[in-house]
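To start, the structure under review is shown below, and the notes come after it.
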Amino acid sequence: MKLSTYIAKRTFYIIFSMVGLSILVFVLARVLPGDPARMAAGERAPQWVVEQLRTQLRLDKPIYEQYFYWLSNVFHGDLGYSVVTKRSVSIDILEYLPASMELIILAATFQIAGTLILGAIAGQFSFKWPDNVIRISAYVGISIPAFVLGIILQLVFSWWLGLFPTQGVLSPGLERPPLVTGMTTLDSLIAGKFDVFLNVLWHMILPATALCMGCMMQDARILRSGMVENKDKDYILMAKAQGIPERRIMFAHLFKPSIIPAVTVMGLDAAALLANAFLVEIVYYWPGFSRFGITVMLNKDLNAIVALVLVIGIIYAVANIVVDVAVAYLDPRIRLLEKGE
Amino acid sequence: MSEEPKVSRRKYLQIAGGTVVGLAVGGALGYLAKPSEVTTVTSTLTETVTVTGTAPPPTTLPPTPAKRLVRIGNAWPIYLDPAVGQDFASQRAQTNVYDPLVWPSPQGPVTPWVAESWTTSPDGLVYTFKIKNGIKFHSGRELTAEDVAFSMQRVLTIGQGYGFIFAPYVKEAKALDKYTVQFTLKKVFGPFVSALIRLYIVDKEEVMAHIKTPGAYGEFGDYATEWMLVHDAGSGPYKVKEIKLENYVHVEIFPDYWAGGFSPRAPTEAVFLPTAPSPATQKTMMLGKELEVSDQWQSEEWLSDMDAQPGISKKTQLCAAEYYHMLCCKKPPLDDVHVRKALAYCFDYQTAMKTIYSRFSESRSSLPMSLPGAIDCQLYSYDLTKAEEELKKSKYYPDIIDNPGKYVMEFHVMPEVPERERDALLLADQASRIGLKINLVKTPWLKYIEIMSKVETAPHIACMAISAYFPDAAFMLYTKYHSSSAGHVDQNEYLQDPKLDAMLEDALASLDETQRLAKCGEIQKYIMDVCPTLYIYDWNIVEAVQDYVHIPSFDDPTQTIKTEGYSVILRTWEVGTP
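If you're matching them up, the sequences are chains A and B in order. At position 288 of the first sequence (counting the first as 1) the number is 288 in my numbering, and the numbers step up by one without a gap. At position 389 of the second sequence (counting the first as 1) the number is 730 in my numbering, and the numbers step up by one without a gap.
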């Protein structure tokens, strides 16, 4: 199957998955306790205001009618009204999602770089002291929850050492760049404000580190295991016997097949960063999508909850496709198998 | 054949080390990119500014004021729009961005503010206000009577925010001329003028220029509710610089503020953090001087810990708010007054104050003692003997002792406020000693509102802290105990007592304040006798404050305005060097 056909097919399946997911979340959100119309109006608002809002939000209609009305609006790019922010959910997503994405991109970069470096070192020096240090660090990194690590990093690097800021996006005194993409880093580069770019990056380092540490350590271990497993395979021994340099063996013959399982997990972990980011965003007061998600869930903001789950679902689905393509690139057997079909 | 050198451990360590160095360099570069610290004026804080109801002559700001930024922990949501937001977090920002017609004073009565003077018709149904000339909105336009009338109309139409205060009473608001506005009431409302501290005046032209049509309000579209989420249409001492919803509300000084009254080192900018960071983050921010004032929702332990840190102090100011255990009087066995009184005698008030709520003061009435009109009429103290005596008088005795399983009471507590579980446990423990069984149920806030809205689902006992919306004892009692409030979060009691309703309506209809407060005294005694509620503590605002920030209302009780939101009057603050 050609790559383009494969991607088209998977995209088609995504649409069906998202429809199913939206129905599930739509119904679940509505059976949870709480009256969204009352939440929107305020606790002291008279009943007529609550009923007016209920009618406005179509909460007085049967659930299937509510769903079809919502679905038809989605096709017009309208994800509904948020009772928390009191504006369109689409605007909320455009505002909060880029902030989370830039944090996640940095965390994913750290994750991938850390996985490759640590996994390669551990694999190359398996059962020696670098491997032992990395393995112990991995256990610690995996077992400490991201938000606990976030607080520890805050205390050590922000408070004691004063090297990084405690929270937020920008230091006081710096102006935000004009809004283009919503990502402050990109927008500052577009506006030519390099000092703002560096400042935001500086603010992102600790939360990104806290976010990626668990996944990075886990993926490094998987890479390490792959390398250890493949190290003693015949083709490696043959390569050594032929006098191929160690470095070339490592990167050309050992690394690629060993990384395939890690790539699969890395892709899913990177997608999971968005869903896992909420506590880190709370600790670091990062104005992101995940923290917004917690607020809307606690306030039973129905439209925002559905939109939140859909966005995360789409990101997972796209990450799956990317991982599949990456694995196909790395493993020629998969490409040959497909050609043989 | 030449060989490539073997890749050594040293090489790999170099790569790893290089990565770490790269990160450190990135951090250092970012550190260097940090802007210079905001400059502040260093001085000893000896001056204080007294805020009175009369507008002081405009104070000239220093020609080139240094930037003085304060960051204030708050809560979510902050809806700056005075027709939408009415909770504590919103009030703090509203009082600095908008102006009302009248201003509450530390002593209690309101004083003229935007209004210069007013008259009341003999029947108490028509109020005519003369407003001051020359008051400028942030847009540069002059504030006129038309804006005042529009603001009231907007509040009444939208119905959210403080609409619940005015909607039952206000029939019409109209501008008689450029500086005269008249309110016509449907029925007599004694504290109407006091209530006007919650009518924040918006710029009509600015609002109308930003309405979105079609909207829920006909020709007025959405009444600019969407625009006012992130903008302001006020005339207050501070104006909105930037709002990022759910993230912060950033205000800056309005140099043309008509009333002046800025202290020499008033903040030039303030950031309200709507979603207060977690306790750990707040602590780190306070220690790192990235936060000047914490929020007031932290535990006793957190506040004491901050107080022990150099350069940070725990500050307290009175607030007209009280914490209650609300007993549902329609649910057996609490439908019997003797069972309710037994519970009131069961609660160990002193232990609760000493071990859980040492930062607050014990309640003495159904009203907080800081509210004018509150009288000390507490009848109940911890006394298990009296509790047993009361229980024996109830219609459920002796069955309630012989079959406690038949009379299990549910005490619903919100997990969002962990301290409250402790006092609930205290009550349950003491009640068990006289044979009453109370089960604790953790109920999140959303569900709390839902279950309290109907008597069938209302918990036997619910706990809530309630504050006065404006400084009037009668209105606070009314919103707490009148039948019309049953089902709102203010009232889980479902008292629905016709005699009490009549007393409350009569008090509210009293134009003379002295008479009204005297009636409130009688009402408090009556309520205490009926015992629908356990009165636990009078709420104080307790926050951690940096020592370089001087807040007069914390340090001088004679300057404390006890109405929520009016405790944060930024222009009176003084900010020194961190």
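We treat Cβ as the ideally placed atom computed from N, Cα and C, and that holds for glycine. Just so it is clear, the structure is predicted and the values come from calculations on it, not from any experiment.
List the residues that DSSP assigns as beta-bridge partners of residue i.
| i | result |
| --- | --- |
| A:I268 | The sequence given here has Leu at residue 268 of chain A, not Ile. DSSP lists no partner for A:L268. |
| B:H572 | Bridge partners of B:H572: none, in fact. |
| B:E762 | For B:E762, which the question treats as bridged, DSSP gives no partner whatsoever. |
| B:C804 | B:H666 |
| B:H926 | Nothing about residue 926 of chain B can be reported from this structure: the residues present for chain B run from 342 to 919 only. |
| B:W459 | B:F470 |
| B:T521 | B:K471 and B:D518 |
| B:H891 | B:E915 |
| B:A885 | B:K655 |
| B:H591 | B:E583 and B:V612 |
| B:W880 | B:A662 |
| B:L526 | B:V511 |
| A:Y81 | A:S88 |
| B:L875 | B:H666 |
| B:S702 | B:D879 |
Should residue i and residue j be called a contact, given that it needs their Cβ atoms to be closer than 8 Å?
| i | j | result |
| --- | --- | --- |
| B:C872 | B:V678 | yes |
| B:Y686 | B:K734 | no |
| A:G42 | B:E791 | no |
| B:K515 | B:K527 | no |
| A:V327 | A:V265 | no |
| A:V84 | B:P418 | yes |
| B:Y878 | B:T436 | no |
| B:D842 | B:S826 | no |
| A:L268 | A:R30 | no |
| A:I190 | A:G226 | no |
| B:E663 | B:Y876 | yes |
| B:Y959 | B:P445 | No statement about residue 959 of chain B is possible, as the shown extent of chain B runs from 342 to 919 and does not include it. |
| B:P785 | B:M755 | yes |
| B:F530 | B:Y510 | yes |
| A:W70 | A:F26 | yes |
| B:R681 | B:E641 | no |
| B:L832 | B:K840 | It is worth fixing the name first, because residue 832 of chain B is Gln in this sequence and not Leu. For B:Q832 and B:K840, no; Cβs fall outside 8 Å. |
| B:A416 | B:D636 | yes |
| B:F603 | B:R412 | no |
What residue does the beta strand (DSSP E) around residue i start on, and which one ends it?
| i | result |
| --- | --- |
| B:N833 | Unbroken run through B:N833: none, as it is neither H nor E. |
| B:H666 | I653 to L668 |
| A:K193 | Element bounds for A:K193: n/a, residue is neither H nor E. |
| B:D870 | First-last for B:D870: E854 to V871, but that is the alpha helix (DSSP H), not the beta strand (DSSP E). |
| B:Q637 | Taken as a continuous stretch (DSSP letters only), B:Q637 belongs to no beta strand (DSSP E), as it is neither H nor E. |
| B:V443 | V443 to P445 |
| B:A611 | E610 to L614 |
| B:L451 | Per the sequence presented here, residue 451 of chain B reads as Val, with Leu not at that position. Where B:V451 is concerned, the enclosing beta strand (DSSP E) stretches over V451 to P453. |
Could you spell out the range, first to last residue, of the alpha helix (DSSP H) harbouring residue i?
| i | result |
| --- | --- |
| B:E579 | Residue 579 of chain B is actually Tyr in this sequence, not Glu. Taken as a continuous stretch (DSSP letters only), B:Y579 belongs to no alpha helix (DSSP H), being part of the beta strand (DSSP E) at Y579 to K585. |
| B:L410 | Element bounds for B:L410: not the alpha helix (DSSP H) but the beta strand (DSSP E), L410 to G414. |
| B:C687 | V678 to C687 |
| B:T485 | Taken as a continuous stretch (DSSP letters only), B:T485 belongs to no alpha helix (DSSP H), as it is neither H nor E. |
| B:E546 | K545 to M549 |
| A:A346 | Outside the shown range of chain A, which is 1 to 341, sits residue 346 of chain A, and nothing can be said about it. |
| A:L3 | L3 to V31 |
| B:E846 | P839 to L849 |
Which bits of chain D does residue i rub up against, with CB to CB less than 7 Å?
| i | result |
| --- | --- |
| A:I14 | Reference to chain D is not applicable here, since the protein chains of this structure are A and B. |
(request) With a floor of 3 residues, list each beta strand (DSSP E) that falls wholly inside the stretch 204 to 229 of chain A, ordered by position along the chain. (result) For the stretch 204 to 229 of chain A, not a single whole beta strand (DSSP E) run of length 3 or above is found.
(message) Between the stretch 473 to 485 of chain B and the stretch 446 to 460 of chain B, can you find at least three pairs of beta-carbon atoms closer than 8 Å?
(response) Counting Cβ pairs under 8 Å, three or more are found: they touch.
(message) As an exercise, report each continuous alpha helix (DSSP H) stretch of at least 4 residues that is fully enclosed by the stretch 283 to 309 of chain A, in chain order.
(response) Here the runs fully enclosed are 289 to 298.
(request) Count the CB pairs spanning the stretch 714 to 722 of chain B and the stretch 667 to 674 of chain B that are closer than 8 Å, and state whether there are at least three. (result) With a cut-off of 8 Å, the stretch 667 to 674 of chain B and the stretch 714 to 722 of chain B do not count as touching, because too few Cβ pairs lie within range.
(message) With a threshold of 8 Å, are at least 3 pairs of Cβ atoms found where one atom belongs to the stretch 167 to 183 of chain A and the other to the stretch 247 to 260 of chain A?
(response) No contact exists between the stretch 167 to 183 of chain A and the stretch 247 to 260 of chain A.
(request) Please determine if the stretch 286 to 297 of chain A and the stretch 98 to 116 of chain A are in contact, where contact requires at least 3 C-beta pairs separated by less than 8 Å. (result) Touching, yes.
(request) Count the C-beta pairs between the stretch 439 to 451 of chain B and the stretch 533 to 550 of chain B that are closer than 8 Å, then say yes if the count reaches three, no if not. (result) They touch, by the three-pair rule.
(request) Would you list, in sequence order, the uninterrupted beta strand (DSSP E) runs of no fewer than 3 residues that lie entirely inside the stretch 720 to 751 of chain B? (result) Listed in chain order, nothing qualifies, since the stretch 720 to 751 of chain B has no complete beta strand (DSSP E) run of 3 or more residues.
(request) Could you tell me whether the stretch 566 to 584 of chain B touches the stretch 846 to 864 of chain B, using the rule of 3 or more Cβ pairs below 8 Å? (result) No: the two stretches stay apart, fewer than three of their Cβ pairs being nearer than 8 Å.
(message) Please give the ranges of any alpha helix (DSSP H) in the stretch 120 to 204 of chain A, keeping only runs that are unbroken, at least 4 residues long and fully inside the region.
(response) If only uninterrupted alpha helix (DSSP H) runs of at least 4 residues are considered, those enclosed by the stretch 120 to 204 of chain A are 129 to 143, 146 to 153 and 184 to 190.
(request) Give a yes or no on contact between the stretch 205 to 220 of chain A and the stretch 126 to 142 of chain A, applying the rule of three or more CB pairs nearer than 8 Å. (result) In this structure the stretch 205 to 220 of chain A touches the stretch 126 to 142 of chain A; the number of beta carbon pairs closer than 8 Å is three or more.
(request) Count the C-beta pairs between the stretch 800 to 812 of chain B and the stretch 695 to 715 of chain B that are closer than 8 Å, then say yes if the count reaches three, no if not. (result) These segments touch.
(request) Report yes or no: do three or more beta-carbon pairs, one from the stretch 306 to 323 of chain A and one from the stretch 3 to 16 of chain A, lie closer than 8 Å? (result) Segment contact: the stretch 306 to 323 of chain A against the stretch 3 to 16 of chain A, three or more CB-CB distances shorter than 8 Å; contact assigned.
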